[in-house]
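Heads up: the structure comes next, in structure tokens.
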Amino acid sequence: MENIQFIGTTPNALISEIVEKLKTELLSELTKTFNENQPNKYISAQEVCERFNISKPTIHEYRRRGLLKSYKWGSRVFYRMSDIENAMIIND
Numbered sequence: 291m292e293n294i295q296f297i298g299t300t301p302n303a304l305i306s307e308i309v310e311k312l313k314t315e316l317l318s319e320l321t322k323t324f325n326e327n328q329p330n331k332y333i334s335a336q337e338v339c340e341r342f343n344i345s346k347p348t349i350h351e352y353r354r355r356g357l358l359k360s361y362k363w364g365s366r367v368f369y370r371m372s373d374i375e376n377a378m379i380i381n382d
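Written out as structure tokens, the structure reads:
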């Protein structure tokens, strides 16, 4: 991690520097997340929870209300990434 020297720096310059670093980090993280997400990739409920910071009951509620479509293979339930992204866009 890079050190920011703020001795002799104005508060506005310090704020600008911090904001710029945050933007760079967030953009990098978002790009990585969405590049990993292939439209037809299927992920488990646990992976949905971890990636989008939501709970399993929330996922089940979205499925019950018809906001998310689930796919079952054997006893496991999966969700398609494109369906999750569409649900997030619609619910914003």
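With my numbering applied, the sequence shown corresponds to residues 291 to 382, in that order.
Beta carbons: idealized from backbone N, C-alpha and C, even for Gly.
Taking the alpha carbon of residue i as the reference point, which residue from the options has its own alpha carbon closest?
{"i": "Lys359", "options": "Leu320, Ser345 and Ala335", "result": "Ala335"}
{"i": "Asn293", "options": "Glu337, Arg370 and Ile308", "result": "Ile308"}
{"i": "Asn363", "options": "Ile333, Leu317 and Ile380", "result": "The amino acid occupying residue 363 in the given sequence is Trp; Asn does not appear at that position. With distances taken between Cα atoms, Trp363 lies closest to Ile333."}
Ordered along the chain, which non-local residues of its own chain (more than five positions away) have a Cβ less than 8 Å from that of residue i?
{"i": "Cys339", "result": "Ser345, Lys346 and Ile349"}
{"i": "Gly395", "result": "No answer is possible for residue 395: it lies beyond the span of the chain, which begins at 291 and ends at 382."}
Since residue i and residue j are thought to touch, with beta carbons under 8 Å apart, how far apart are those beta carbons, to the nearest angstrom?
{"i": "Arg370", "j": "Asn330", "result": "6 Å"}
Could you pull out every residue in the same chain whose Cβ sits closer than 6 Å to the Cβ of residue i, ignoring the five residues on either side in sequence?
{"i": "Arg353", "result": "Ser360"}
Would you say the region 371–378 touches the region 349–358, given that touching needs at least three Cβ pairs under 8 Å? yes
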